[in-house]
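Numbering (the working numbering), first residue to last: 1 to 78.
Here it is, written out as structure tokens:
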């Protein structure tokens, strides 16, 4: 996610950046694999309505200088 910073003194408009895994190790594992299988799946007659929309609400507490982020994610690590 890229965007212009909205406050002075902050170089980017990003609250959270999360990297999981090691891209190089995954690439090497696929290169060493005896077989790599991929599949394209087409599902018909589906309605692409998210049960949990991509939305969040951030609450800044100036007294403690903390941000509480409420998301629609079920990910326990976020």
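For each residue, glycine too, the CB sits at the ideal point set by N, CA and C.
Residue i - containing alpha helix (DSSP H), residue span
i: residue 26; result: 23–32
For residue i, three-class secondary structure by DSSP
i: residue 59; result: strand
i: residue 20; result: coil
i: residue 72; result: coil
i: residue 42; result: coil
i: residue 67; result: strand
Nearest to residue i (by Cα), restricted to the options the options
i: residue 71; options: 24, 20, 55 and 65; result: 55
i: residue 51; options: 73, 42, 66 and 30; result: 73
i: residue 36; options: 43, 28 and 42; result: 28
i: residue 68; options: 53, 21 and 15; result: 15
CA-to-CA distance, residue j to residue i, given in whole angstroms
i: residue 17; j: residue 62; result: 22 Å
i: residue 34; j: residue 26; result: 14 Å
i: residue 40; j: residue 31; result: 21 Å
i: residue 8; j: residue 19; result: 26 Å
i: residue 53; j: residue 24; result: 32 Å
Run of the beta strand (DSSP E) containing residue i, from where it starts to where it stops
i: residue 6; result: Careful: residue 6 lies outside any beta strand (DSSP E) and carries neither H nor E.
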